[in-house]
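First residue of the sequence shown? That's -4 in my numbering, and the numbers climb one at a time after it. Backbone N, C-alpha and C define an ideal beta-carbon position, used for all residues, glycine too. Each remark here refers to the structure printed beneath this line.
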Amino acid sequence: MTQIKENTAPEFFTHGEQKYRSTPPSKEEEAQWKVTFGEVLAADDGEGHRLWLRRPDLPIMRVAIAQFKKGKTTIDFEDLLFKSCWLAGNEAWLVNEDLYEAALNEFEPWVEIPDAETRFLADENLYELKVKGFVGKVAKPSRRQRKQAEKRNTANKPFGTEMHLLEMIWQEGDLNGLRQDDFAYMGVLAAIQELKTRKIVELVKK
């Protein structure tokens, strides 16, 4: 007797103009998500509402930041990040405000860009950057290098100037390895902005 194979294709629902997966992952699929995305955030309200979110990567963060710069609010930024990181879950997480806010309270600190520790090495005239186990050394960016990096970021994309600048001033460390961890990479890119604006003198009004 031929056994009929059950259709295991995931189901989706539409919210706004976007499709979201509702079917929970199998154990194997959830394990694969962890391999692909590094970490997965899961939630269960105990009443049958379950949710799975991935951590945003650099492309997702750049889109969200670009929208924010166009005049979107902080709430719009949170919404875009949250919905872009959806892997699976019940529609209730999007339509029930209490559930949505509860999920955001856990999601927001999880997607914060880590602070990179910056230390000036006077004997080498370099800055040492440490973040999430990565260590690298960079030269102090010059005005000329900053200008070149800005020119190369023709589309004015978020982090674009810093990405070009980091390539110019990187002196020591595994830059390719750093790029494999989007959050560590973004932490260093944010630190590069601080190097550009490091205060060494104070102008006082007379």
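Along the chain, where does the alpha helix (DSSP H) that runs through R138 open and close? Within the sequence shown, the letter at position 143 stands for residue 138. Its alpha helix (DSSP H) spans residues R138 to R147.
Once the 5 residues before and after F63 are set aside, which same chain residues still bring their CB inside 8 Å of it? Taking the first residue of the sequence shown as position 1, residue 63 is located at position 68. For F63, where only same-chain residues beyond five positions count, the Cβ hits under 8 Å are T69, D71 and F72.
Just verifying my parser: in three-state terms, what is the DSSP assignment at E1? In the sequence shown, the residue the question calls residue 1 occupies position 6. Unreliable placement is indicated for E1, whose pLDDT of 46 sits below 50; the coordinate value is still reported in the next sentence. Here E1 carries a coil assignment [DSSP, helix/strand/coil].
Inter-stretch contact (C-beta, 8 Å, three-pair minimum) for the segment 114 to 128 and the segment 146 to 163: The segment 114 to 128, when compared against the segment 146 to 163, does not touch it at the 8 Å Cβ threshold.
Tell me the residue span of the alpha helix (DSSP H) that contains H10. Position 15 of the sequence shown holds residue 10. H10 -> not in any alpha helix (DSSP H); beta strand (DSSP E) instead, spanning F7 to H10.
Determine whether the beta carbon atoms of L190 and K135 lie at a separation below 8 Å. Working through the sequence shown from its first residue, we reach residue 190 at position 195. Working through the sequence shown from its first residue, we reach residue 135 at position 140. K135 sits close to L190, with the two beta carbons spaced by under 8 Å.
By the three-class DSSP mapping on this structure, what secondary structure does D39 have? Counting from 1 along the sequence shown, the entry for residue 39 is found at position 44. In the structure shown, D39 adopts extended strand secondary structure according to DSSP, grouped into three states.
Which one of R49, L82, I187 and G11 has the shortest CA to CA distance from G155? Stepping through the sequence shown from its first residue, residue 155 is reached at position 160. With distances taken between Cα atoms, G155 lies closest to I187.
Report the three-state DSSP secondary structure of A150 (helix, strand or coil). By one-based count along the sequence shown, residue 150 stands at place 155. DSSP places A150 in coil when its eight states are reduced to three.
By alpha-carbon positions, which one of K146, L198, F178 and L46 ends up nearest to R16? The sequence position of residue 16 within the sequence shown is 21, counting from 1. Distances from the alpha-carbon of R16 to those of K146, L198, F178 and L46 put L46 closest.
In this structure, does DSSP put L198 in helix, strand or coil? Taking the sequence shown and counting its residues from 1, one reaches residue 198 at position 203. L198: coil per DSSP, three-state reduction.
Would you report the Cα separation of Q143 and E86, rounded to the nearest angstrom? As a first step, residue 143 is located in the sequence shown; it is residue number 148 there, counting from the start. As a first step, residue 86 is located in the sequence shown; it is residue number 91 there, counting from the start. The alpha-carbon atoms of Q143 and E86 are separated by roughly 47 Å.
Find out if the Cβ-Cβ distance for the pair E25, V35 is shorter than 8 Å. Taking the sequence shown and counting its residues from 1, one reaches residue 25 at position 30. Taking the sequence shown and counting its residues from 1, one reaches residue 35 at position 40. Taking 8 Å as the Cβ cut-off, E25 and V35 qualify as a contacting pair.
So for G131, helix, strand or coil by DSSP? Residue numbering aside, residue 131 sits at position 136 when the sequence shown is read from its first letter. Correct three-state label for G131: strand.
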